[in-house]
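Asker: Mind looking over this structure? Questions follow.
Protein chains: 2
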Amino acid sequence: MSEPLFGRVALLGIGLIGSSLAHVLRRDKLTREIAVHTRRAETLETARKLGLGDHYTLDPAEAVRGADLVVVCVPHSAYAEIAAKIAPALAAGTIVTDVGSVKGAAVRDLQPALPPGVHLVPGHPVAGTEHSGPAAGFAEMFDGRWCILTPLPETDPAALDRVTRMWRSAGMRVVTMDPAHHDMVLAITSHLPHLIAYTIVGTATDLEETLKSEVIKFSAGGFRDFTRIAASDPVMWRDVFLNNRDAVLEMLQRFTEDLTALQRAIRWGEGDKLEELFRRTRAIRRSIIEANQA
Amino acid sequence: MSEPLFGRVALLGIGLIGSSLAHVLRRDKLTREIAVHTRRAETLETARKLGLGDHYTLDPAEAVRGADLVVVCVPHSAYAEIAAKIAPALAAGTIVTDVGSVKGAAVRDLQPALPPGVHLVPGHPVAGTEHSGPAAGFAEMFDGRWCILTPLPETDPAALDRVTRMWRSAGMRVVTMDPAHHDMVLAITSHLPHLIAYTIVGTATDLEETLKSEVIKFSAGGFRDFTRIAASDPVMWRDVFLNNRDAVLEMLQRFTEDLTALQRAIRWGEGDKLEELFRRTRAIRRSIIEANQA
Chain A
3 MSEPLFGRVA
13 LLGIGLIGSS
23 LAHVLRRDKL
33 TREIAVHTRR
43 AETLETARKL
53 GLGDHYTLDP
63 AEAVRGADLV
73 VVCVPHSAYA
83 EIAAKIAPAL
93 AAGTIVTDVG
103 SVKGAAVRDL
113 QPALPPGVHL
123 VPGHPVAGTE
133 HSGPAAGFAE
143 MFDGRWCILT
153 PLPETDPAAL
163 DRVTRMWRSA
173 GMRVVTMDPA
183 HHDMVLAITS
193 HLPHLIAYTI
203 VGTATDLEET
213 LKSEVIKFSA
223 GGFRDFTRIA
233 ASDPVMWRDV
243 FLNNRDAVLE
253 MLQRFTEDLT
263 ALQRAIRWGE
273 GDKLEELFRR
283 TRAIRRSIIE
293 ANQA
Chain B
3 MSEPLFGRVA
13 LLGIGLIGSS
23 LAHVLRRDKL
33 TREIAVHTRR
43 AETLETARKL
53 GLGDHYTLDP
63 AEAVRGADLV
73 VVCVPHSAYA
83 EIAAKIAPAL
93 AAGTIVTDVG
103 SVKGAAVRDL
113 QPALPPGVHL
123 VPGHPVAGTE
133 HSGPAAGFAE
143 MFDGRWCILT
153 PLPETDPAAL
163 DRVTRMWRSA
173 GMRVVTMDPA
183 HHDMVLAITS
193 HLPHLIAYTI
203 VGTATDLEET
213 LKSEVIKFSA
223 GGFRDFTRIA
233 ASDPVMWRDV
243 FLNNRDAVLE
253 MLQRFTEDLT
263 ALQRAIRWGE
273 GDKLEELFRR
283 TRAIRRSIIE
293 ANQA
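So the sequences go chain by chain: A and B.
Take the working numbering: the final residue in the first sequence is number 296, and no numbers are missing along the way.
Take the working numbering: the final residue in the second sequence is number 296, and no numbers are missing along the way.
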């Protein structure tokens, strides 16, 4: 039997991503032990019942003591505080990574607190479902999906390599990217679609009662997909928008301009403009299908 | 063997819905014969090769001659012209129905042309995929979905009953509704989601080349769902927006107001407003799941 990749992995936070990673670490025997930390006692108890770790603690410093990999799996708003709490307990050589959706914010909130000799490898496994919490995780969630790592110029290549091997083991295709570039790409492919889904489902909620009950009843086609997206974890998504503000506002501005142009085309009956766009977007769908088959 | 529901059904147009219905008519032996009309010779040839009908013609009047049910399955922009063409060939007692997404427009464009004694039963089987054309159809597409019929006060109850039985046989849950009310409900559950999906995919297409290729590569989560929606038939959707203009503009206005409020919350870092909405939309998702289980 080959040596496991890690001796001790500390999972700080055990929601959908953290618990899915715990399943992968077990399945693939990537670590000798898993320490689980959560902020709330109730969540910790759930994780214990699910057998997601070997050690359970409400103290993040205790979780990371002796760990060679620390995975930050909490919402972005908790990053700075948790970094300050674990910093004194981190030994030189420890790798700290995260799974957050905004890489600029991850670097901003984690890096300053980390002691010298601790290796930060910001990461974003682009995978998930609309469910959340420790019971929602499953090992296969990462399978075939992208994991984007955003190492800094000073990131230790050996640390980057070990994090890469972990996500590859989970079945992910791992790429590296500049944090700011990551945040721009995700703003349009993930954050803006979520914002819009939340908005339209909210708009429907505010309808007159007679309309609203029928909207729920006949929620077919497009709207049903939107409600699925809009069922994602509220706190996580709040933090995404607050922490990727500039990129989201930039993409939102472009989207709004385009939507206003379409609104005008509908108002004035300019069918050719509508049809032209609809043909163009159909072609994009084909590119995406081809890119994923390639 | 019981008598089939119809002697001759004329399918005017044989795209995704028309071809799926043809499969149902065959499977359930609902008619003795099917006449297929298309505007383009090429599409008619495809339908013939697929064996979707018993008679094939480029002349809509020929298709409807002797039919006891005529199903209009063309985009809304072709309704008025096809109604004028078939009118002289329609015998009293014939039922005319359609499958279009906008019921106000269906009544407006079909009713005036129909001779006395011909029964109009406007209908909307709320089912589909992102694929289009005669080869895309399959009988199971309607299974478990809603079919909304919007009879007029003067619609013959017997005609309504026969159309209802056809869609029930296809596996649909059939309800009746006022045409204007249908158009408002569908504006928010279907038309607006499609418009938004088209827009955001268009916005992504217009990105700088470096970003664009990565958007295609990393099109995960939300965006991928949106590209699927935005791959739907361009002409059909153009006609939906042109023909349900008032309801779509009304819902679009509400949506834009809500989106602007969220944009402001993001800009000013008002996390509580974001979280409150995200919790509300999650609850709506649960109502929808419950409504469909009930």
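Even for Gly, the Cβ is constructed at its ideal location relative to N, Cα and C.
Drop a sphere of 10 angstroms on the beta-carbon of residue 70/B, count the other beta-carbons inside from all chains shown, and report buried for 16 or more, exposed for fewer.
Answerer: Buried: at least 16 other Cβ atoms inside 10 Å.
Asker: Near residue 56/A, which residues of its chain fall below 6 Å by C-beta distance, leaving aside the five closest residues on each side in sequence?
Answerer: Once the five neighbours on either side are set aside, the close Cβ partners of residue 56/A are 35 and 36.
Asker: Among the residues of its own chain, which have a CB less than 7 Å from the CB of residue 165/A, if the five just before and after it don't count?
Answerer: Closer than 7 Å at the Cβ level, and outside the excluded window around residue 165/A, lie 97, 99, 123, 125 and 151.
Asker: Whose Cβ in chain A lies nearer than 7 Å to the Cβ of residue 252/B?
Answerer: Under the 7 Å cutoff, chain A gives no residues; its nearest Cβ is about 11 Å from residue 252/B.
Asker: I believe residue 144/B touches residue 173/B by the beta-carbon criterion, under 8 Å. Please report the beta-carbon distance rounded to the nearest angstrom.
Answerer: With 8 Å as the limit, residue 144/B and residue 173/B qualify as a contact, their Cβ atoms being about 5 Å apart.
Asker: Write down every uninterrupted run of the beta strand (DSSP E) in the region 186-229 of chain A whose length is 3 residues or greater and which is fully enclosed by it, in chain order.
Answerer: Qualifying beta strand (DSSP E) stretches: none in this window.
Asker: Indicate whether at least one CB of chain A lies closer than 8 Å to the CB of residue 286/B.
Answerer: Yes, contact with chain A.
Asker: From which residue to which residue does the alpha helix (DSSP H) around residue 257/B run?
Answerer: From DSSP, the alpha helix (DSSP H) with residue 257/B extends over 247-269.
Asker: Mind listing the chain B neighbours of residue 219/A? Cutoff is C-beta to C-beta under 7 Å, in chain order.
Answerer: Within chain B, the residues near residue 219/A are 293.
Asker: On the DSSP bridge list, what partners appear for residue 39/B?
Answerer: For residue 39/B, which the question treats as bridged, DSSP gives the partners 14/B and 59/B.
Asker: Tell whether a beta-carbon distance below 8 Å holds between residue 260/B and residue 205/A.
Answerer: A contact, by the Cβ cut-off of 8 Å.
Asker: In the DSSP assignment, the alpha helix (DSSP H) including residue 96/A goes from what residue to what residue?
Answerer: Where residue 96/A is concerned, there is no enclosing alpha helix (DSSP H), given that its DSSP letter is neither H nor E.
Asker: Out of 22/B, 117/B, 171/B and 129/B, point me to the one whose CA is closest to residue 13/B's CA.
Answerer: Among 22/B, 117/B, 171/B and 129/B, the Cα nearest to that of residue 13/B is on 22/B.
Asker: Tell me, please, which residues DSSP counts as bridged to residue 150/A.
Answerer: Residue 150/A is bridged to 126/A and 177/A.
Asker: Cutting at 8 Å between CB atoms, please list the residues of its own chain near residue 142/B, excluding the five before and the five after it.
Answerer: Excluding positions up to five away in sequence, the list reads 173.
Asker: Would you mind stating whether residue 227/B and residue 231/A have Cβ atoms separated by less than 8 Å?
Answerer: Yes, these two residues count as a Cβ contact at 8 Å.
Asker: Where do the N-terminal and C-terminal ends of the beta strand (DSSP E) with residue 71/B fall, by residue?
Answerer: Counting along the chain, the beta strand (DSSP E) containing residue 71/B begins and ends at 71-74.
Asker: How far does the alpha helix (DSSP H) with residue 235/A in it extend, from its first residue to its last?
Answerer: Careful: residue 235/A lies outside any alpha helix (DSSP H) and carries neither H nor E.
Asker: Express the C-alpha separation of residue 135/A and residue 18/A in angstroms, rounding to a whole number.
Answerer: Cα-Cα distance, rounded: 5 Å.
Asker: Below 8 Å on C-beta distance, what does residue 257/B contact in chain A?
Answerer: Within chain A, the residues near residue 257/B are 201, 202 and 205.
Asker: Kindly indicate if chain B contains any beta-carbon less than 8 Å away from that of residue 236/A.
Answerer: Taking Cβ atoms only, chain B reaches closer than 8 Å to residue 236/A, which makes this a yes.
Asker: Please classify residue 241/A as buried or exposed, where buried requires at least 16 other C-beta atoms within 10 Å of its C-beta.
Answerer: The residue in question, residue 241/A, is buried, as its Cβ has 16 or more Cβ neighbours within 10 Å.
Asker: Please say whether residue 7/B and residue 268/A have beta carbons closer to each other than 8 Å?
Answerer: Cβ distance not < 8 Å, so residue 268/A and residue 7/B don't count as in contact.
Asker: Starting from the beta carbon of residue 186/A, find every residue of chain B whose beta carbon is closer than 8 Å, and list them in chain order.
Answerer: Within 8 Å Cβ-Cβ: 213.
Asker: Measuring only between beta-carbons, confirm whether residue 142/B sits less than 8 Å from chain A.
Answerer: No, its Cβ sits nowhere closer than 8 Å to a Cβ of chain A.
Asker: In whole angstroms, give me the CA-to-CA distance for residue 30/A and residue 160/A.
Answerer: If you take the alpha carbons of residue 30/A and residue 160/A, they lie about 20 Å apart.
Asker: For residue 171/B, tell me which candidate among 25/B, 288/B and 15/B has the shortest Cα-Cα distance.
Answerer: Considering only alpha carbons, the answer is 25/B.
Asker: Give me the Cβ distance between residue 280/B and residue 201/A, rounded to the nearest whole Å; I'm assuming they're in contact under 8 Å.
Answerer: Not a contact, Cβ separation roughly 10 Å.
Asker: Comparing C-alpha positions only, which one of 208/B, 289/B and 74/B sits nearest to residue 229/A?
Answerer: Per the Cα distances, 289/B.
Asker: In the DSSP assignment, what residue or residues form a beta bridge with residue 121/B?
Answerer: Residue 121/B is bridged to 97/B.
Asker: What is the C-beta distance between residue 16/B and residue 45/B, in whole angstroms, given that I count them as a contact (C-beta under 8 Å)?
Answerer: Between residue 45/B and residue 16/B the Cβ distance is about 7 Å, and since that is below 8 Å, they are a contact.
Asker: Excluding the 5 residues preceding and the 5 following residue 323/A in the sequence, name in chain order all residues of the same chain whose CB lies nearer than 6 Å to its CB.
Answerer: Because chain A here runs from 3 to 296, residue 323/A falls outside it and cannot be looked at.
Asker: Closer than 8 Å, CB to CB, is residue 41/B near chain A or not?
Answerer: For residue 41/B, the answer is no, since every Cβ of chain A falls outside 8 Å of its Cβ.
Asker: Hey, does residue 277/A have any beta-carbon neighbour from chain B nearer than 8 Å?
Answerer: Interface residue, yes.
Asker: Can you find the residues in the same chain that come closer than 7 Å, C-beta to C-beta, to residue 249/A, ignoring five residues on each side of it along the sequence?
Answerer: 185, 186 and 189.
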